Amino acid sequence: MADAAVHPAKRLPWWAKLLAAIVLVLAALMLLVALFPWDVLRGPINRYVSEKTGRHFEITRRLDVKVGRTTRVLMDGIEFANPDWARDRHLVKADAAEVDVRLWPLLRRRIELPLIRLTRPQLGMQIEPDGRKTWALGGDTKDESNVPDIGALVVDQGTLHYVASAQGADVRVDFAMDRATANAGAAAGTPAMPLQFQARGTWQEQAFTAQGRTGDVLYLSAPLQQPFPAEVQLAAGNTRLEARGAVSSLATLDGANVDFRLQGNNLGDLYKLVGVSLPDTPKYAMGGQLAKEGNLWRARRIDARLGRTDITGELAFDQSAKVPALSGQLKSRMLDFEDLAPLIGLRDDPKGRSAAATQKVADAGTPAAKKDRKDKAPKDPNRKVLPNAPLDVSRIKSMNADVQVEAAKVVNAKGLPLDSMRTHVRLADGVLRLDPLDLGVAGGRLAGQIRIDANANPATAQTRLDARSLELSKLVPASQSMRNSFGKLQAQIELTTRGGSVAQMLGNADGNVALLMGRGEISNILLEFAGLDGGEVLKFFVEGDRRVEVRCAATAFNVEKGVMTSRALLLDTDDTVFWGNARIDLGREAMDVVIKPQPKDTSILSLRSPLKVGGTFGAPEVGLDKGSLAGRALAAVALGAVNPLLALAATIETGPGQDADCVGTLRQAAAPASNGKPTEEDRQRMGAAPAAPRR
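Position in the sequence shown (first residue = 1) + 313 = the working numbering.
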């Protein structure tokens, strides 16, 4: 019976015996690991890590290890030095550290740390323009494979110093845990944000300060168990940012969903901070919702104010391509043109007014100004009128754009009768297109395209605009006489130019400009003063202003190298035909205009003589042809010597003027000459005077 009891055990297969042996060995090893005094390896580990990384590593007090598929290393006191080229002595120095390590990736020479928990850490992180990083643990700190894959970082209280000279960054952060705040937030049903921080330093070489609070677990690359909450208040110069929301990944900011409020003195200053090319503006304030998905940022529910201009809409900024792209749509109920002054080269003062307007207001109360109101100040022929502030087109090449802009109402348009605006802004490869450009002007519509190429030096521009149904009464809002005039104007503008400012571009322009008008009515006093018809002027003071019917009007210029030469300059009314010639030099801001009235009526006290407009834009000279006027005056004196009443005979106008060929004139004015210069036959057909000689 004893032999029978032992017999089955002797018959166990060999593999069962081997398995039993393995189990016993593993059990012994596990017991050994569990009871192993890991702290005895602290010295060898310190030396090994220091040798492999080339920098000092030390577990200062005690080491323990919890072995598993993911092994946890517990270090009581840790110091890990930075490379010699770094500013800070330590990459990390902490009272204690717990680090989870995945063992299998170590066989592939890959360090994966799902979790790092630090107690009272001091962190010094630095990245150089050549790619060297203090947190790369191998000998080659440029090699991305030497950067540990850190999933989540948990800290309680400490400091961080981050330096990135390529980004102009030198940032110091102090952070601390506030459990009472976290518990209060949890009780109120809001995301817990127990980690409070304060930051200061520079970003893009711009000084800033920041403060706020966040969650206590910083997910660097690990999938978030829940969105990471944050609340930030930042100040950089005059720029202020308040933001609150959550993000799915702190490493890439993916899944960001943040409500923000941003304000400052100039929206263009953000280019220095974030690299997004935005126009210069007066003081601004904007809010909205900001979200990020991959390389795509979206700003929704934008509610902004730039100066007096309000803006709503949404934008998207895509950084996936080499050149980032901005797209979206913006709308404004009221756009104050003064707020766009820096965009078009008109300098702006802090209160949003143009420099010229500011100077005018500032000078108005001076003693000299008061005297000038009595004794007219001398004109300065060297004063420039056209905007000559440099146009900054360099940013055009820094990004692409596809944005639709619409303004229902436009105010303060620098004396321009601009009512509304709608355009599609397309920016690609350094070429800016406003196509289509649709403007409400003087009750009518101005439509066309504008193209600016910033790749050329200086920048080149092409403009094609077509105006329809512009109301004469609204064309010059400041003129009472024009407000008493009625008619519909058509206009055509086609220019090609280059330059670094508005003044330079106009001074280099080539193309065609035409302004046409059919039937309408204009103020009589304008015509009679222009023709020096004394009888009609007297009737004006007795009977008041009356409107004169206009049969047609045409002003058309060929433009060559900034010089505008008229091919048509005609105004035909039921009272007088005005024709003329003009040469306007936009580069020199000089003009030479001759207008000759030919009355159709008979009038006394008429000293009709060609009207000349010369000088410069800053000091125009307006007067009558002295030769013609002197002839009439001499005749009046001679006849007056015989009989004073006969002197009136020299001022009697019998009205030799004839109706102009309006159909032919308008057709010719609308079609520029093929060689850019009107022929003498063209002038005669349009009823114009022979070409005036150049001065």
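Ideal Cβ placement from N, Cα and C applies to all residues, glycine included. As the structure is a prediction and not an experimental result, all values here were calculated from the model.
For Lys455, which of helix, strand or coil comes out of DSSP?
-> Here residue 455 is taken as the residue at index 142 of the sequence shown, counted from 1. DSSP places Lys455 in coil when its eight states are reduced to three.
Would Arg696 pass as a contact of Gly931 if the rule is Cβ separation under 8 angstroms?
-> Working through the sequence shown from its first residue, we reach residue 696 at position 383. Working through the sequence shown from its first residue, we reach residue 931 at position 618. Contact: yes.
Give me whichever residues DSSP pairs with His737 in a beta bridge.
-> To locate residue 737, count along the sequence shown from 1; it is residue 424. Per DSSP, Gln717.
Under a three-way DSSP split, which group does Trp417 fall into?
-> As a first step, residue 417 must be located in the sequence shown, where it is residue number 104. Judged by DSSP in its simplified three-state form, Trp417 adopts helix.
Residue(s) in a DSSP beta bridge with Gln260 | Lying outside 314 to 1008, the shown extent of the chain, residue 260 is not represented and no answer is given.
With DSSP run on the structure shown, which of helix, strand or coil describes Pro923?
-> Taking the first residue of the sequence shown as position 1, residue 923 is located at position 610. Coil, per DSSP.
Taking the Cβ atom as the reference point for each residue, do Ala512 and Thr527 lie within a distance shorter than 8 angstroms?
-> Walking along the sequence shown from the start, residue 512 turns up at place 199. Walking along the sequence shown from the start, residue 527 turns up at place 214. Not in contact: Ala512 and Thr527 (Cβ atoms no closer than 8 angstroms).
Quick one: what does DSSP say Ser562 is sitting in, helix, strand or coil?
-> For the purposes of this step, residue 562 is taken as the residue at position 249 of the sequence shown. Ser562 falls in the coil class under three-state DSSP.
Nearest to Arg613 by CA position, among Arg832, Asn725, Ala569, Val486, is which residue?
-> By 1-based counting over the sequence shown, the position of residue 613 is 300. Closest option to Arg613, Cα to Cα, is Ala569.
Tell me whether the beta-carbon of Thr283 lies closer than 8 angstroms to the beta-carbon of Pro912.
-> This structure does not reach residue 283, given that the chain is present from 314 up to 1008, and the question cannot be answered.
Leu580 lies in the alpha helix (DSSP H); which residues open and close that run?
-> As a working mapping, residue 580 is identified with position 267 in the sequence shown. Counting along the chain, Leu580 sits inside no alpha helix (DSSP H), nor does DSSP assign it H or E at all.
Would you mind stating whether Val906 and Gly893 have Cβ atoms separated by less than 8 angstroms?
-> Walking along the sequence shown from the start, residue 906 turns up at place 593. Walking along the sequence shown from the start, residue 893 turns up at place 580. It is a contact, given that the beta carbons lie within the stated cut-off.
Under 8 angstroms, do Glu544 and Met490 count as touching if we go by C-beta distance?
-> Taking the sequence shown and counting its residues from 1, one reaches residue 544 at position 231. Taking the sequence shown and counting its residues from 1, one reaches residue 490 at position 177. Against a cut-off of 8 angstroms, the Cβ pair of Met490 and Glu544 comes out as no contact.
With respect to the beta strand (DSSP E) encompassing Gly471, which residues constitute its N-terminal and C-terminal limits?
-> Sequence index remark: in the sequence shown, residue 471 carries index 158 (1-based). Gly471 -> beta strand (DSSP E) spans 470-477.
Using the C-alpha atoms, what's the distance from Thr552 back to Gly607?
-> Start at 1 with the first residue of the sequence shown, and residue 607 comes out as number 294. Start at 1 with the first residue of the sequence shown, and residue 552 comes out as number 239. Distance between the alpha carbons of Gly607 and Thr552: 27 angstroms.
Using only alpha-carbon positions, find the residue among Leu759, Pro749, Arg811 that is nearest to Asp732.
-> Within the sequence shown, the letter at position 419 stands for residue 732. Nearest option by C-alpha distance: Leu759.
Mind checking Met818: buried by the 16 CB within 10 Å criterion, or exposed?
-> Position 505 of the sequence shown, counting from 1, holds the residue named residue 818. It counts as buried.
Taking Thr868 as the reference, give the member of Thr625, Gln803, Val716 with the closest Cα.
-> Within the sequence shown, numbered from 1, the residue matching residue 868 stands at position 555. Ranking Thr625, Gln803, Val716 by Cα distance to Thr868 puts Gln803 first.
Mapping DSSP to helix, strand and coil, what is Trp398?
-> Taking the first residue of the sequence shown as position 1, residue 398 is located at position 85. Correct three-state label for Trp398: coil.
Count the other CB atoms within 10 Å of the CB of Asn579; is the residue buried (16 or more) or exposed (fewer)?
-> In the sequence shown, residue 579 corresponds to position 266, counting from 1. With 16 or more other Cβ atoms within 10 Å, it is buried.
From Val386 to Ala598, what distance separates their C-alpha atoms?
-> The residue you call residue 386 lines up with position 73 of the sequence shown. The residue you call residue 598 lines up with position 285 of the sequence shown. Using only the alpha carbons, I get a separation of about 50 angstroms.
Which residues in the same chain as Asp529 place their Cβ atom closer than 8 angstroms to its Cβ, once the five residues preceding and following it in sequence are excluded?
-> Your numbering for residue 529 matches position 216 in the sequence shown. If we look at Asp529 and ignore the five residues flanking it on each side, its Cβ neighbours are Val467, Val468, Asp469, Met490, Ala495, Ala505, Pro507, Leu508.
Going along the chain, which residues of its own chain have a beta-carbon closer than 7 angstroms to the beta-carbon of Asp487, five neighbours each way excluded?
-> Residue numbering aside, residue 487 sits at position 174 when the sequence shown is read from its first letter. Counting only Cβ-Cβ distances below 7 angstroms, and skipping sequence neighbours, we find Thr472, Phe510, Gln511.
Who are the Cβ neighbours of Lys710 in its own chain at under 6 angstroms, not counting the five residues just before and after it?
-> Residue numbering aside, residue 710 sits at position 397 when the sequence shown is read from its first letter. Closer than 6 angstroms at Cβ, skipping near neighbours: Gly743, Ala767.
Can you tell me which of the three DSSP states Gln517 falls into?
-> The residue you call residue 517 lines up with position 204 of the sequence shown. Gln517 falls in the coil class under three-state DSSP.
Output the distance between the C-alpha atoms of Ser667 and Gly452, rounded to the nearest integer angstrom.
-> Position 354 of the sequence shown, counted from the first residue, corresponds to residue 667. Position 139 of the sequence shown, counted from the first residue, corresponds to residue 452. With a pLDDT of only 41 at Ser667, under the threshold of 50, the placement of this residue in the model should not be trusted; the figure read from the coordinates follows. Rounded to the nearest angstrom, the two C-alpha atoms are 59 angstroms apart.
Roughly how many angstroms separate the alpha carbons of Asp705 and Ile806, rounded to a whole number?
-> Along the sequence shown, read from residue 1 onward, the residue named residue 705 stands at position 392. Along the sequence shown, read from residue 1 onward, the residue named residue 806 stands at position 493. Distance between the alpha carbons of Asp705 and Ile806: 24 angstroms.
Residue environment, Ala772, which counts as buried when at least 16 other CB atoms sit within 10 Å = Translated into the one-based positions of the sequence shown, residue 772 becomes position 459. Buried: at least 16 other Cβ atoms inside 10 Å.
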